[in-house]
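Take a look at the structure set out below.
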Amino acid sequence: MAAPQDLADLIARVALGDRQAFRRLYDATAPSLLGVALRILRDRGRAEDVIQEAFVGVWHRAGSYRAAASAPMTWLTAVVRNRALDALRSDARHDVDPLVDDEDETMDVEDDRPDPLGLLTQAADTLAIRACLETIDGSQRQCLALAYYHGLTHAEMAAHLGSPIGSVKGWLRRGLEKLRRCLERAK
Amino acid sequence: MNYDRPGLLDRLAAEYVFGTMTGPVRRRFERLRLTVPSAEAAAVAWESRSAGLALAVPPAMPSPGLWNAIDWSTGGAGAETVAKPGAWWTWIAPVAGLVFGVVATVGVVRMLPSAAVPVDEIVQARGTLPASYVGILTDASGAAVAIASSTRHGRTMSLKVLKPIEAPPGKLLQLWALPKDGEPFPLGVVPREGKAAFEMADTSERLLAGVPRLAVSVESAPVGPGSTPDGFILTGHCVKLW
Numbered sequence: 000m001a002a003p004q005d006l007a008d009l010i011a012r013v014a015l016g017d018r019q020a021f022r023r024l025y026d027a028t029a030p031s032l033l034g035v036a037l038r039i040l041r042d043r044g045r046a047e048d049v050i051q052e053a054f055v056g057v058w059h060r061a062g063s064y065r066a067a068a069s070a071p072m073t074w075l076t077a078v079v080r081n082r083a084l085d086a087l088r089s090d091a092r093h094d095v096d097p098l099v100d101d102e103d104e105t106m107d108v109e110d111d112r113p114d115p116l117g118l119l120t121q122a123a124d125t126l127a128i129r130a131c132l133e134t135i136d137g138s139q140r141q142c143l144a145l146a147y148y149h150g151l152t153h154a155e156m157a158a159h160l161g162s163p164i165g166s167v168k169g170w171l172r173r174g175l176e177k178l179r180r181c182l183e184r185a186k
Numbered sequence: 000m001n002y003d004r005p006g007l008l009d010r011l012a013a014e015y016v017f018g019t020m021t022g023p024v025r026r027r028f029e030r031l032r033l034t035v036p037s038a039e040a041a042a043v044a045w046e047s048r049s050a051g052l053a054l055a056v057p058p059a060m061p062s063p064g065l066w067n068a069i070d071w072s073t074g075g076a077g078a079e080t081v082a083k084p085g086a087w088w089t090w091i092a093p094v095a096g097l098v099f100g101v102v103a104t105v106g107v108v109r110m111l112p113s114a115a116v117p118v119d120e121i122v123q124a125r126g127t128l129p130a131s132y133v134g135i136l137t138d139a140s141g142a143a144v145a146i147a148s149s150t151r152h153g154r155t156m157s158l159k160v161l162k163p164i165e166a167p168p169g170k171l172l173q174l175w176a177l178p179k180d181g182e183p184f185p186l187g188v189v190p191r192e193g194k195a196a197f198e199m200a201d202t203s204e205r206l207l208a209g210v211p212r213l214a215v216s217v218e219s220a221p222v223g224p225g226s227t228p229d230g231f232i233l234t235g236h237c238v239k240l241w
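Just so you know, the sequences run in chain order A and B.
Using numbering that gives the first Met the number 0, the first residue of the first sequence is number 0, and each one after it goes up by one.
Using numbering that gives the first Met the number 0, the first residue of the second sequence is number 0, and each one after it goes up by one.
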């Protein structure tokens with residue numbers, strides 16, 4: 000992965016229409032960003048569509064990137080996550096509501112992605128906040144991981160965990176408060 | 000809603016960034032980001048705070064054609080292509096970047112009613128019922144390149160190529176179904192130009208009900224069941240229209 004300053008420079012050059020810089024930015028970041036989109040959407044074609052839309056957006060709006068507000072990878076990850084989540088919600092709108100149609104099926108849909116809780120733990124190790132993460136209650140941690148890595152809504156999480164939606168909302172809210180403290184320690 | 004309530008914007012921003020909001024709520028918050036500076040600041044703060052969580056996600060190598068599609072969509076016209084000589088897609092650059100279409104089929108039908116008409120004409124000329132499943136294979140600029148259509152209970156897939164598809168001599172264009180769950184499976188062969196039709200292994204209702212996308216690859220010979228495509232030069236959404 001390129002250093003943040005290099006990426007910021009590339010984005011600045013992309014804003015000036017530098018195609019070579021655009022290609023270098025793509026080479027440096029597309030694999031990580033595709034990983035993020037693939038985690039949420041599960042389908043390579045749709046994930047690549049999201050990456051395409053995101054980079055076309057970056058080409059046209061690189062000038063709106065503010066290095067002072069976000070690190071380059073933070074900005075790019077947010078662009079991709081938001082597009083992936085929009086695509087996921089858009090698909091859900093067209094599908095028959097699985098929660099109404101067949102409650103059991105929602106639980107049984109095969110998911111070959113690695114356990115999101117494992118990813119959260121791994122991220123905590125990388126950020127050296129593992130001890131802090133482990134002070135967060137297990138259900139709360141599970142909700143944080145399902146939300147961040149798989150983009151599940153409250154209702155989907157409730158179905159996935161077999162718990163009332165009210166409990167899920169509470170777990171997530173308390174989990175986010177605690178995670179905020181952990182993440183701020185990581186800085 | 001009173002967004003001045005202490006902590007409310009921060010909580011909404013966290014839920015937005017973590018992805019738990021439903022579509023309409025996400026859009027509402029996005030509007031808020033544009034109009035309320037403290038909402039934008041809260042969202043950016045959560046994006047920064049949580050960015051490290053993405054570090055654990057394993058990277059995935061994009062398909063070779065993805066850069067070409069991006070390059071084309073941004074007016075690069077393949078100028079920066081760094082294909083190694085002999086790579087399968089080097090010859091595709093002159094074909095106006097016929098890769099990974101991004102415009103949803105329904106959108107194309109709405110935007111280009113003239114593109115949808117020929118589908119009807121095909122099936123009417125054939126004396127069959129109106130098309131039921133329609134797939135529009137688009138290029139990177141969103142223009143429809145080919146239309147595949149089939150009646151719901153029929154086995155005939157009709158194809159109309161709207162602008163000629165170039166491929167090396169001796170190669171053919173293979174149409175694939177990309178199921179929502181499962182591996183791509185071959186449907187038949189697409190002509191390089193004009194109209195054609197082929198018989199499918201089963202009715203489109205049985206074959207395509209769980210297929211949200213179609214794609215075209217370049218092959219040396221027609222492929223059988225169980226084959227895997229090398230790479231796609233065209234893709235598009237497949238929808239049940241009638």
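Think of the CB as a built atom: it goes at the ideal place given N, C-alpha and C, for glycine as much as any other residue.
For residue i, the nearest candidate out of the options (CA to CA)
i, options, result
"Q51/A", "G64/B, V160/B, V56/B", "G64/B"
"N67/B", "A7/A, R173/A, F21/A", "F21/A"
"E39/B", "P183/B, P168/B, P23/B, A13/B", "A13/B"
"L171/A", "L143/A, L182/A, V79/A, R184/A", "L143/A"
"T134/A", "T152/A, G117/A, L178/A", "L178/A"
"R18/A", "S166/A, E183/A, V55/A, P113/A", "V55/A"
"V13/A", "A127/A, A154/A, V57/A", "V57/A"
"R188/A", "A154/A, R140/A, A83/A, R23/A", "No answer is possible for residue 188/A: it lies beyond the span of chain A, which begins at 0 and ends at 186."
"A166/B", "P178/B, S131/B, V188/B, E198/B", "V188/B"
"E198/B", "R191/B, L206/B, R32/B", "L206/B"
"T155/B", "E204/B, L33/B, A196/B, D70/B", "A196/B"
"G62/A", "D85/A, L9/A, H149/A, K168/A", "L9/A"
"L24/A", "L6/A, G16/A, L37/A, V35/A", "L6/A"
"L136/B", "A176/B, D3/B, L171/B", "A176/B"
"L151/A", "G137/A, D136/A, V167/A", "V167/A"
"V144/B", "V217/B, Y132/B, L158/B, K179/B", "L158/B"
8 Å Cβ cutoff, residue i in contact with chain B
i, result
"R179/A", "yes"
"T134/A", "no"
"S89/A", "yes"
"H153/A", "yes"
"W170/A", "no"
"S166/A", "no"
"Y147/A", "yes"
"R140/A", "no"
"R173/A", "no"
"D17/A", "no"
"A122/A", "yes"
"A2/A", "no"
Within-8 Å CB hit, residue i to chain A
i, result
"E46/B", "yes"
"T19/B", "yes"
"T227/B", "no"
"R30/B", "no"
"A68/B", "yes"
"G22/B", "yes"
"L65/B", "yes"
"T137/B", "no"
"R4/B", "no"
"A143/B", "no"
"A220/B", "no"
"G266/B", "Outside the shown range of chain B, which is 0 to 241, sits residue 266/B, and nothing can be said about it."
"S72/B", "yes"
"A13/B", "yes"
"R27/B", "no"
"R10/B", "yes"
Residue i, DSSP secondary structure in three states
i, result
"T73/A", "helix"
"E190/A", "Given a span of 0 to 186 for chain A in the structure shown, any question on residue 190/A remains unanswerable."
"M156/B", "strand"
"K162/B", "coil"
"S162/A", "coil"
"Y64/A", "coil"
"A59/B", "coil"
"I128/A", "coil"
"I135/A", "coil"
"R151/B", "coil"
"L15/A", "coil"
"L171/B", "strand"
"I78/A", "Sequence check: residue 78/A is Val here, not Ile. Of the three classes helix, strand and coil, the one that applies to V78/A here is helix, per DSSP."
"V35/B", "coil"
"A145/B", "strand"
"G275/B", "Nothing about residue 275/B can be reported from this structure: the residues present for chain B run from 0 to 241 only."
*Please list the segments of the alpha helix (DSSP H) lying wholly inside the segment 202–229 of chain B, counting only runs of 4 or more residues, in order along the chain.*
The segment 202–229 of chain B contains, as complete alpha helix (DSSP H) runs of 4+ residues, the segments 203–207 (chain order).
*asked:* Against chain B, which members of the segment 41–52 of chain A pass a CB distance test of less than 9 Å?
replied: Per Cβ criterion, the list reads D42, R43, G44, R45, A46, E47, D48, I50, Q51, E52.
_Interfacial residues, the segment 33–63 of chain B to chain A, with Cβ spacing under 7 Å_ = Listed by position, the residues of the segment 33–63 of chain B near chain A (Cβ gap below 7 Å) are V43, E46, S47, R48, S49, A50, G51, L52, A53, L54, A55, V56, P57, P58, A59, M60, P61, S62.
*Counting only runs that start and end within the segment 176–201 of chain B, where is the beta strand (DSSP E) found for 3 or more residues in a row?*
Qualifying beta strand (DSSP E) stretches, in chain order: 184–189, 193–198.
*With 9 Å as the limit, tell me which residues of the segment 148–177 of chain B have their beta carbon closer than that to any beta carbon of chain A; keep them in chain order.*
Within the segment 148–177 of chain B, the qualifying residues are L177.
*Give, in chain order, every residue of the segment 196–212 of chain B whose Cβ lies closer than 9 Å to some Cβ of chain D.*
Absent from the structure: chain D. Protein chains present are A and B.
*If you measure beta-carbon to beta-carbon, which residues of the segment 59–72 of chain A are closer than 8 Å to chain B?*
H59, A68, S69, A70, M72: these are the residues of the segment 59–72 of chain A whose beta carbon lies less than 8 Å from some beta carbon of chain B, given in chain order.
*Please name the residues in the segment 19–31 of chain A whose beta-carbon is closer than 7 Å to at least one beta-carbon of chain B, in chain order.*
Considering only beta carbons, the part of the segment 19–31 of chain A lying closer than 7 Å to chain B consists of Q19, R22, Y25, A29, P30, S31, in chain order.
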